[in-house]
Amino acid sequence: MTNDEARARAKAFDLRKADRAFLDDPYPMYSLLREHDPVHRDSGGSVFLTRYDDVAGVYRDKRFSSDKKIEFKPKFGDSPLYLHHTTSLVFNDPPLHTRVRKHLAPAFTPRALSVMEPRFEEMVDRMLDAALARGGMDIVTEYAAGLPVQIIGDMLGVPTSERGPLRDWSLAILGALEPAPSKDALDWG
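Going by the working numbering, the first residue of the sequence shown is number 2, and it counts up by one from there.
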């Protein structure tokens, strides 16, 4: 591919229209973006920063914000998703971000996590033992998705018997953040 072709391909990239090749292996496109269009804006207005220095600069610049009230209003209206996503830690700036983080931070200190570590190891051992007994495991569904549900369930004190719907609920809420969520995803979330 020539330099001009690579530049054109990077400029044309649109996450909303990503093909199977990108989904299977996004790294070649990330490389093209980093080299030829490091501050890339797609058709939906999203901006992709692909260089560390650019990301670090935006992170430190007070002109940029995590607050999404204006951006999310047309997408979510007055739905519960709007309230959730505009009051969560991820989409807020200080002082709300600081106030919420202050309450969560003690659960994630090295000391607190070291106390929980044996329990997490026990969960992993149990999952792997069950997989061995069955002769296999779906690594994404049972491990990559299942383990966080168990860990978060433990941290929040959710009884094991009531954790079944947690993964689907989180997918419903987070699925609404996709670049182009379906109407069903918005309704369910």
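We put the beta carbon where it would ideally sit given N, CA and C, even for glycine.
Given that a residue counts as buried once 16 or more other Cβ atoms are within 10 Å of its Cβ, and exposed if not, what is residue i?
i	result
F65	exposed
F92	buried
A177	buried
A77	It should be pointed out that residue 77 corresponds to Phe in this sequence rather than to Ala. With 16 or more other Cβ atoms within 10 Å, it is buried.
A19	exposed
A11	buried
L34	buried
F109	exposed
L84	exposed
L24	exposed
L82	buried
Just to check my reading of the structure: residue i and residue j have Cβ atoms closer than 8 Å, yes? What is that Cβ distance to the nearest angstrom?
i	j	result
D43	S67	Actually they do not touch by this definition, with Cβ atoms about 20 Å apart.
V150	R164	6 Å
H37	A7	6 Å
L157	M124	Not a contact, Cβ separation roughly 15 Å.
R21	G45	Between G45 and R21 the Cβ distance is about 20 Å, and since that is not below 8 Å, they are no contact.
With DSSP as the reference, identify every bridge partner of residue i, one or two as the case may be.
i	result
L50	V40
Candidates the options: which alpha carbon is nearest residue i's?
i	options	result
E122	I71, Y144, A9, T3	Y144
L105	S115, P75, S89	S89
L172	S162, D155, A186	A186
I174	T87, F109, A108	T87
D169	V48, S162, T161, W189	W189
V116	K103, L82, D155, A146	D155
D15	S32, H41, T3	H41
N4	L50, Y60, S32, T142	S32
R120	I152, G46, K103	I152
E179	F73, A132, D79, D62	F73
K70	R61, S80, K63, D62	S80
What do you reckon, is the C-beta of residue i under 8 Å from a heavy atom of the ligand ATP?
i	result
G176	This structure simply doesn't include the ligand ATP, nor any ligand for that matter.
(Q) Across the region 18-28 and the region 52-61, are there enough close Cβ pairs to call them in contact, namely three or more that are closer than 8 Å? (A) no
(Q) Within 8 Å, do at least three Cβ pairs link the region 94-101 to the region 129-142? (A) no
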